[in-house]
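Note that this note's numbering has the sequence shown beginning at 290, numbered continuously upward.
Glycine included, every Cβ here is placed at the ideal spot set by N, Cα and C.
All figures in this text were calculated on a predicted structure; none of them were measured in a lab.
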Amino acid sequence: MSDDHDETTLGQIETEVALLMRFGEATRRATGTAEHRVLDRAAYVILRHLADAGPQNVSALAARLNLDGSTVTRQVSALQRDGLITRTPDPSDGRGTVISPTPAGLQRMAAVQAARTRLYGDMLADWSTADRATLASLLSRLNQALINRNRPRPR
290 MSDDHDETTL
300 GQIETEVALL
310 MRFGEATRRA
320 TGTAEHRVLD
330 RAAYVILRHL
340 ADAGPQNVSA
350 LAARLNLDGS
360 TVTRQVSALQ
370 RDGLITRTPD
380 PSDGRGTVIS
390 PTPAGLQRMA
400 AVQAARTRLY
410 GDMLADWSTA
420 DRATLASLLS
430 RLNQALINRN
440 RPRPR
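Here it is in structure tokens:
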């Protein structure tokens, strides 16, 4: 592959990712169902991670989500105020706490997840099963590449 062709492809990827983020957010805001709006994006991502990975401390959450600990602490505090997570003493470190989703938090997260799944099902209805699977695989690879890129590098 020539460098010019690769540069053109990388430019197209950059544009498509930028548009994906913009259109994804616009679609979320414009969707008429209340299910999409029962959680903000940060709360949804935290609750999804906790549902998948189990209870975690703020440091582990921050590392997984590639966020500053103080940002996650603020988000977790808001989730706790809303009754969507609980904090319990960390059994491995008595000074820290472990965050777990509450049944209400899991219920809201599941409602948003179901609404988003239906939305993508509608948008991709004319895609073949193979194309959907390819998209899912490539998005997973892109997310893993972003995670790997943003991990602190050893000195």
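Does DSSP classify residue i as helix, strand or coil?
i: D371; result: coil
i: P380; result: coil
i: P344; result: coil
i: V387; result: strand
i: S417; result: coil
i: V327; result: coil
Taking 7 Å as the threshold (C-beta atoms), are residue j and residue i in contact?
i: G372; j: A399; result: no
i: V401; j: L354; result: no
i: T386; j: R370; result: no
i: L336; j: P378; result: no
Compare the Cα-Cα distances from residue i to each of the options and report the closest residue.
i: S381; options: P344, A319, R337; result: P344
i: T362; options: T391, A331, R337; result: A331
i: I388; options: A422, A342, L309, T418; result: A342
i: R384; options: N346, G300, T316; result: N346
i: L408; options: Q364, R318, A307; result: R318
So, is the C-beta of residue i closer than 7 Å to a C-beta in chain B?
i: A400; result: The question asks about chain B, but that chain is absent: this structure has only one protein chain.
What separation, rounded to the nearest whole angstrom, lies between the Cα atoms of residue i and residue j?
i: E296; j: I302; result: 10 Å
i: L339; j: Q396; result: 13 Å
i: L413; j: A425; result: 12 Å
i: S359; j: F312; result: 29 Å
i: L435; j: L428; result: 10 Å
i: D415; j: T406; result: 15 Å
i: S348; j: L356; result: 9 Å
i: R438; j: H294; result: 23 Å
i: A403; j: D292; result: 43 Å
i: G410; j: S366; result: 33 Å
i: A422; j: E305; result: 19 Å
i: L431; j: T418; result: 20 Å
i: V334; j: L350; result: 10 Å
Using a threshold of 6 Å, is the CB atom of residue i nearer than that to any non-hydrogen atom of the ligand FAD?
i: L395; result: This structure lacks the ligand FAD; in fact it carries no ligand of any kind.
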